[in-house]
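Let me begin by presenting the structure, written as structure tokens, before commenting on it.
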Amino acid sequence: MGLIQKSRIKSPWILHFDNSSCNGCDIEILACLTPLYDVERFGMVNMGNPKHADVLLITGSVNRRTARVLKNLYEQVPDPKIVIAVGTCASSGGVFHNCYNVLGGVDKVIPVDVYIPGCAARPEAIIDGVVLALQKLANLRGDKK
Amino acid sequence: MINQLITIIVALIVAPLIGGLLFGFDRKITARLQGRYGPPIIQPFYDFFKLLGKERIAVSKLQFIWIYGYLIFMVVSLVFLVLKLDFLLLVFLLGFAGVCFVLGAFSTKSPYAHFGANRELLQILAYEPVLLFLALGIYAKNGSFLINEIFKQDKPLLFTLWPLFIAVLVVLTIKMRKSPFDISTSHHAHQEIVRGTITEYSGPYYALIQLVEWYELVLLLGIIALFWANPLWVGILIALGTFILELLIDNIAARMTARWMVRLSWSVGLILGIINIAYLYLTKGVA
Ligand code: SF4
């Protein structure tokens, strides 16, 4: 494994985007950053800027308003990037799946690499999901389009 | 000549290694102070290599000229320090580096970058006069701006220039962009104005910014070490001590406003500087 591949696994920077979640999953993501779970020991940092991120953590089902924002954010993240759908809503639409304004899961708009189930997804599950995604990330090439 | 070349090459290779490790240490200590375990100490190098492997996204053509300018000016000022050349020129080169950084942010369209650049200008306004006063203080003491001259004195600068030393501590916090002065961009909390000046840099260019930051940190600590240049290891210990002090301040202080920063740095820094230099001239009667 090359130096850059190894570094990719060791330093995933996260961008968290909330589509239209009930905030349950968001709070669980933030819980990962607290001293109890402390994901920074794996080099994960919560970035506020899509241009610095590697991993998109997306919560909540996509509705007609957020689809455009989500696509925009996805395009701003430089390759190689990984998309993780956190929670049942982000994976499939969940309890909101047949609302008049909801399109469904995140995969209706952008390609998703890892689905994390749960309502709300537990912090342990989120960390597991990110670790799973990293194995995929390490093997992506930087110039992938 | 050959000796000087070797010094330059060694400095250019070793400085980022030290700088990166210090930043890793910073993250570890910060995590510990917050009751977390924290990333490994070599984490900044992982970040650096990961960024090198990312896609290049250009948001403006000029941006890259400024970022290379930032790197080159910073490296040249470090060379001035290790070759023990003129301190006054070093201060100016450092100023140019800062201006390149600001122009790089202004060359993009992002309002966050512009916001950060405006604040960065205020930061330059806050620390540059203090560094100039330090150069004047060194001149008043040694009769020369040469760093070489500092090394020839057997009495450390700290004894006569301690008010300026306190002023330089403020400068160090501003230059390291640590709380309470992480105003234009910040290391630990990212959400206020996104990333300020570095919002628009991504991938390899962001890696370059980190490289410059490592050089900058070593350069600043080197300037602090000058206060006790003879023997140098005492100076280096003092510099490391101030670094740890900065980390502590970073963790216990909240972010302040840019105006407050300028006011503090000008009132404390400049008054201490003026008193210091006036005292030197009065007692020594240097013409
Ligand atoms: S999966 Fe459950 S907790 Fe998460 S956003 Fe949907 S409803 Fe809320």
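If you're matching them up, the sequences are chains A and B in order. All residue numbers for the first sequence refer to our numbering, where the first residue is 6 and numbers rise by one. All residue numbers for the second sequence refer to our numbering, where the first residue is 168 and numbers rise by one. Beta carbons: idealized from backbone N, C-alpha and C, even for Gly. Everything numeric in this text was worked out from a predicted model, so none of it was measured.
**Item:** Beta bridge counterpart(s) of B:PHE348 as assigned by DSSP
**Value:** Position 181 of the second sequence, counted from the start, is the residue given in the question as residue 348 of chain B. Looking at the DSSP assignment, B:PHE348 forms no beta bridge with any residue, so it has no partner.
**Request:** Just the C-alpha distance for B:TYR372 and B:VAL181, rounded to the nearest angstrom, thanks.
**Result:** Position 205 of the second sequence, counting from 1, holds the residue named residue 372 of chain B. Position 14 of the second sequence, counting from 1, holds the residue named residue 181 of chain B. Spanning the two alpha carbons is a distance of roughly 21 Å.
**Asked** Grouping DSSP H, G and I as helix and E and B as strand, with all else coil, what is A:HIS102?
**Response** Position 97 of the first sequence, counting from 1, holds the residue named residue 102 of chain A. Here A:HIS102 sits in coil by DSSP.
**Request:** Could you check the C-alpha separation between A:ASN24 and B:ILE365 for me, to the nearest Å?
**Result:** Reading the first sequence from its first residue, position 19 is the one you call residue 24 of chain A. Reading the second sequence from its first residue, position 198 is the one you call residue 365 of chain B. Going from the Cα of A:ASN24 to the Cα of B:ILE365 covers about 26 Å.
**Message:** With DSSP as the reference, identify every bridge partner of A:MET52, one or two as the case may be.
**Reply:** As a first step, residue 52 of chain A is located in the first sequence; it is residue number 47 there, counting from the start. Partner(s): A:LEU20.
**Extent of the continuous alpha helix (DSSP H) run through B:GLY283** = In the second sequence, residue 283 of chain B corresponds to position 116, counting from 1. 278-309 is the span of the alpha helix (DSSP H), which, as asked, contains B:GLY283.
**Message:** I want to check one thing, is the minimum distance from the CB of B:VAL246 to the heavy atoms of ligand 1 below 8 Å?
**Reply:** If you number the second sequence from 1, residue 246 of chain B lands on position 79. For ligand 1, not one heavy atom lies less than 8 Å from the Cβ of B:VAL246.
**Asked** Contact between the segment 259-266 of chain B and the segment 309-316 of chain B: three or more CB pairs below 8 Å?
**Response** By the criterion of at least three beta-carbon pairs nearer than 8 Å, the segment 259-266 of chain B is not in contact with the segment 309-316 of chain B.
**Prompt:** Can you find a heavy atom of ligand 1 that lies under 8 Å from the Cβ of B:ALA272?
**Reply:** As a working note, residue 272 of chain B is residue 105 in the second sequence. Not under cutoff, so the answer is no.
**Message:** Given a cut-off of 9 Å on the beta-carbon distance, is the pair B:LEU336 and B:LEU412 in contact?
**Reply:** Along the second sequence, read from residue 1 onward, the residue named residue 336 of chain B stands at position 169. Along the second sequence, read from residue 1 onward, the residue named residue 412 of chain B stands at position 245. Cβ distance < 9 Å, so B:LEU336 and B:LEU412 count as in contact.
**Item:** 9 Å Cβ cutoff, A:ARG46 in contact with chain C
**Value:** In the displayed structure, chain C is absent; the protein chains listed are A and B.
**Message:** With a threshold of 6 Å on Cβ separation, who are the neighbours of A:SER16 within its own chain once the five nearest residues in sequence on each side are excluded?
**Reply:** Looking up residue 16 of chain A in the first sequence gives position 11. Counting only Cβ-Cβ distances below 6 Å, and skipping sequence neighbours, we find GLY48.
**Request:** Determine whether the Cβ of B:ALA198 lies closer than 9 Å to any Cβ atom of chain A.
**Result:** Against the second sequence, residue 198 of chain B aligns to sequence position 31. Answer yes: the Cβ-Cβ gap between B:ALA198 and chain A drops below 9 Å somewhere.
**Message:** Taking 6 Å as the limit between beta carbons, can you name the residues of its chain near A:ASP148, skipping five residues before and five after?
**Reply:** Walking along the first sequence from the start, residue 148 of chain A turns up at place 143. Below a pLDDT of 50, predicted positions are generally treated as unreliable, and A:ASP148, at 46, falls in that range; the measurement from the model is reported next regardless. Hits under 6 Å: none found.
**Prompt:** Comparing alpha-carbon positions, which option in B:GLU287, B:LEU252, B:LYS251, B:PHE216 lies nearest B:ASP349?
**Reply:** The count along the second sequence starts at 1 and reaches residue 349 of chain B at position 182. It is B:GLU287 whose Cα lies nearest to the Cα of B:ASP349.
**Prompt:** Are there 16 or more other CB atoms within 10 angstroms of the CB of B:PHE326, so buried, or fewer, so exposed?
**Reply:** Counting from one through the second sequence, the residue named residue 326 of chain B turns up at place 159. B:PHE326 is exposed by the Cβ-count criterion.
**Nearest-angstrom Cα separation, counted from B:ILE185 out to B:ALA420** = Translated into the one-based positions of the second sequence, residue 420 of chain B becomes position 253. Translated into the one-based positions of the second sequence, residue 185 of chain B becomes position 18. Going by the C-alpha atoms only, they are around 26 Å apart.
**Chain-ordered residues of the segment 291-320 of chain B with a beta carbon less than 7 Å from chain A** = none
**Request:** For B:ALA454, decide whether its Cβ has a neighbour in chain A, counting only Cβ atoms nearer than 9 Å.
**Result:** Residue numbering aside, residue 454 of chain B sits at position 287 when the second sequence is read from its first letter. Confidence in B:ALA454 is poor, its pLDDT being 47 and thus under 50, which makes the residue's placement too unreliable to answer from.
**Message:** Between which residues of its own chain and B:PHE300 is the CB-CB distance below 8 Å, once the five residues before and five after are set aside?
**Reply:** Your numbering for residue 300 of chain B matches position 133 in the second sequence. Here the set comprises LEU331, ALA334, GLY436, LEU437, GLY440, ILE441, ASN443, ILE444.
**A:LEU35 to A:LEU78 span [Cα, whole Å]** = On the first sequence, residue 35 of chain A is found 30 positions in, with the first residue counted as 1. On the first sequence, residue 78 of chain A is found 73 positions in, with the first residue counted as 1. In a straight line, the C-alpha of A:LEU35 is about 20 Å away from that of A:LEU78.
**Prompt:** For B:TYR213, which residues in chain A fall below 7 Å Cβ to Cβ?
**Reply:** In the second sequence, the residue the question calls residue 213 of chain B occupies position 46. Within 7 Å Cβ-Cβ: SER12, LYS15, SER16, GLY48.
**Message:** Buried or exposed for A:GLY134, going by 16 or more other Cβ atoms inside 10 Å?
**Reply:** For this step, residue 134 of chain A is matched to residue 129 along the first sequence. A:GLY134 is buried by the Cβ-count criterion.
**Prompt:** Less than 8 Å between the CB of A:VAL111 and some heavy atom of ligand 1, yes or no?
**Reply:** Position 106 of the first sequence, counted from the start, is the residue given in the question as residue 111 of chain A. No - ligand 1 has no heavy atom lying nearer than 8 Å to the Cβ of A:VAL111.
**Prompt:** Can you give the Cα-Cα distance for B:ILE341 and A:PRO116, rounded to whole angstroms?
**Reply:** In the second sequence, residue 341 of chain B corresponds to position 174, counting from 1. In the first sequence, residue 116 of chain A corresponds to position 111, counting from 1. Distance between the alpha carbons of B:ILE341 and A:PRO116: 42 Å.
**Request:** Would you list, in chain order, the members of the segment 367-379 of chain B that have their beta-carbon closer than 9 Å to a beta-carbon of chain A?
**Result:** GLU367, TYR368, SER369, GLY370, TYR373
**Item:** Cβ-based neighbour list, B:ALA454, same chain, cut-off 7 Å, excluding 5 preceding and 5 following
**Value:** Position 287 of the second sequence holds residue 454 of chain B. Residue confidence for B:ALA454 is low, a pLDDT of 47 falling below 50, so the modelled location carries little weight; the figure read from the coordinates is stated next. Cβ within range, chain order: n/a, list empty.
**Prompt:** Is A:THR64 helix, strand or coil when you go by DSSP?
**Reply:** Numbered from its first residue, the first sequence carries residue 64 of chain A at position 59. Correct three-state label for A:THR64: strand.
**Request:** Answer yes or no: do A:LEU62 and A:PHE22 have a C-beta to C-beta separation smaller than 9 Å?
**Result:** Within the first sequence, numbered from 1, the residue matching residue 62 of chain A stands at position 57. Within the first sequence, numbered from 1, the residue matching residue 22 of chain A stands at position 17. Contact flag set, yes.
**Cβ-Cβ separation, B:SER227 to B:GLY283 (assumed contact under 8 Å), whole Å** = On the second sequence, residue 283 of chain B is found 116 positions in, with the first residue counted as 1. On the second sequence, residue 227 of chain B is found 60 positions in, with the first residue counted as 1. Contact flag wrong, Cβ pair sits at about 15 Å.
**Within chain A, partners of B:PRO206 - CB distance below 9 Å** = Stepping through the second sequence from its first residue, residue 206 of chain B is reached at position 39. Per Cβ cutoff of 9 Å: LYS15, SER16, GLU45, ARG46, PHE47, GLY48, MET49, VAL50.
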